[in-house]
Amino acid sequence: MPDSYSIVTFIFFLLAVQILSSAAFTVYYLRQKNKNADSAKKLAAANVKIQQYLNAVDASNMMCISSADGIMKYINKSYLDVVGYSFDEIVGNKFETLAHPDTDMSVYDKLFETLQQGNIWSGTMLNKTKNGGTVYLETSVVPIKDENGKIIEYLSIRKDITPLINQQDQIRKQYTDPLTGFPNRTKMRRDLEEIENPALAIINIDGFSTINAYYGLETGDEILVKFANLLRSKTPESMTTYRLSGDEFAIVGRSVTDIDDFNQFMRNMLHEVTETTFFSREHEMVLNLTAGTAIGGDNLLIKAGMAIKHARLNNKNLMTYSDVQIFTEKLKDTVQYSTALRNAVKESRVVPHFQPIADAQKGTIYKYEALMRIQDDKGGFLPPPVLSGTVQAA
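Residue numbers (the numbering used here): 3 to 396.
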């Protein structure tokens with residue numbers, strides 16, 4: 003049997019082990035408690051930061067949350083302020099409460115198809131307001147999933163872009179002819195500044211004022227709309243049609259390097275239009291057109307305007323600026339000759355010139371042709387001018 007000393011020693015050993023175990027556990031517990039406290043502080047700080055982020059998003063965006071079957075569960079004040087509803091009028095109802103009647107249901111079909119695939123849908127959405135108005139919303143819809151990957155909610159974040167859309171509409175109206183829907187002269191000027199290698203045709207409906215005077219402005223407007231629609235249908239994608247004024251239209255071609263090709267298109271188009279009968283109520287009529295064209299360079303509108311002016315003067319349905327340049331050079335020569343003739347008359351430098359006319363068979367002169375010649379200031383004679391068209395010397 004063990005002696006009493008051994009028993010006492012063993013008991014003290016057990017007590018020491020128990021004391022050391024308790025101390026170790028106490029140290030471990032205190033360390034874990036401190037760690038948990040630090041984690042709790044960090045988690046609390048993270049929650050505060052996240053909440054601030056959420057508050058910032060909530061304050062600057064329109065937000066709503068709907069269930070997987072489209073029932074509205076939450077909508078923030080920014081959203082309510084835009085659409086004019088109260089919280090209770092939205093929450094608990096289907097999303098159709100805010101759906102705009104002008105939005106095709108195919109848009110929503112595409113939206114839900116995207117979301118059900120687990121993807122984010124983004125686009126511009128129309129909502130109706132409580133008073134029947136329309137708001138344009140830049141929208142992102144995010145599917146929210148549970149721990150098993152099942153979609154349980156949809157989070158929608160939106161921004162009101164109605165003022166921007168209205169501003170764009172206002173700008174569009176400033177650049178658009180209200181009758182035909184064509185871009186107007188102002189828009190054409192801006193486009194010509196940006197287009198590379200442009201070609202321009204100005205088209206005028208001959209005598210259209212007579213149609214307005216005889217049939218009335220309403221009939222005249224109807225004919226203009228039908229003419230514009232026909233013009234649009236004949237114009238390829240590489241060209242743009244404009245309405246410049248009452249009966250004056252324009253076509254602008256992009257990247258045109260050969261004016262002859264552009265002119266050939268215009269001739270074909272003019273022919274087709276003039277072969278068309280336009281109907282307005284019980285009236286039917288055909289239209290005659292005059293056009294002037296120009297290509298590239300500066301002052302294209304002025305050049306095409308000069309071309310159409312000369313087309314009218316020469317009773318042609320189309321002239322191009324290059325033809326006008328030739329005509330202008332001839333006109334310039336004629337003007338200069340007219341000036342020289344006036345000066346020669348004042349200074350007695352107009353002299354008769356007799357040109358013999360011979361019989362070719364006999365070789366003898368049988369008469370003279372009396373001509374007028376103008377001497378220059380050096381004693382030489384100026385050649386006679388070459389006259390063509392309607393231009394004559396003064």
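Glycine is no exception: its CB is placed at the ideal position from the N, C-alpha and C atoms.
- Between the segment 293–300 and the segment 197–212 there are three or more C-beta pairs closer than 8 Å, enough to call the two in contact.
- Counting only runs of 4 or more residues that sit fully inside the segment 82–160, the alpha helix (DSSP H) segments are 89–92, 107–118, in chain order.
- Between the beta-carbon of Tyr217 and that of His285 there is about 6 Å, and that keeps the pair under the 8 Å contact cut.
- Contact fails between the segment 137–154 and the segment 172–180, because fewer than three Cβ pairs, one in each stretch, are under 8 Å apart.
- Boundaries of the beta strand (DSSP E) harbouring Phe280: 280–282, taken from the DSSP string.
- Considering only Thr243, Asn129, Glu115, the residue with the shortest C-alpha distance to Pro145 is Glu115.
- The shortest C-alpha to C-alpha distance from Ala306 to any of Leu139, Thr126, Asn265 is the one to Asn265.
- Rounded to whole angstroms, the gap between the alpha carbons of Tyr110 and Ala230 is 36 Å.
- When the Cα atoms are used, Ala372 and Asp249 turn out to be separated by approximately 53 Å.
- Residue state for Ser80 is assigned as helix, using DSSP reduced to three classes.
- Cβ atoms of Leu320 and Leu272 come within 8 Å of each other, at about 6 Å.
- Taking the C-beta atoms as reference points, Leu139 is found nearer than 8 Å to Thr126.
- For the pair Asp262 and Ala309, the Cα-to-Cα distance works out to about 15 Å.
- Put simply, of Asn186, Lys228, Leu113, Met241 the residue whose alpha carbon is nearest the alpha carbon of Arg283 is Lys228.
- Residues Ile207, Asp208, Gly209, Thr276, Asn319 of the same chain have their beta carbon placed closer than 8 Å to that of Asn290, with the five preceding and five following residues left out of the count.
- Phe281 is classed as exposed because its beta carbon has fewer than 16 other beta carbons within 10 Å across all chains shown.
- Contact annotation: the segment 183–197 does not touch the segment 156–168, with fewer than three C-beta pairs closer than 8 Å.
- When secondary structure is reduced to three states using DSSP, Gly294 falls in the strand class.
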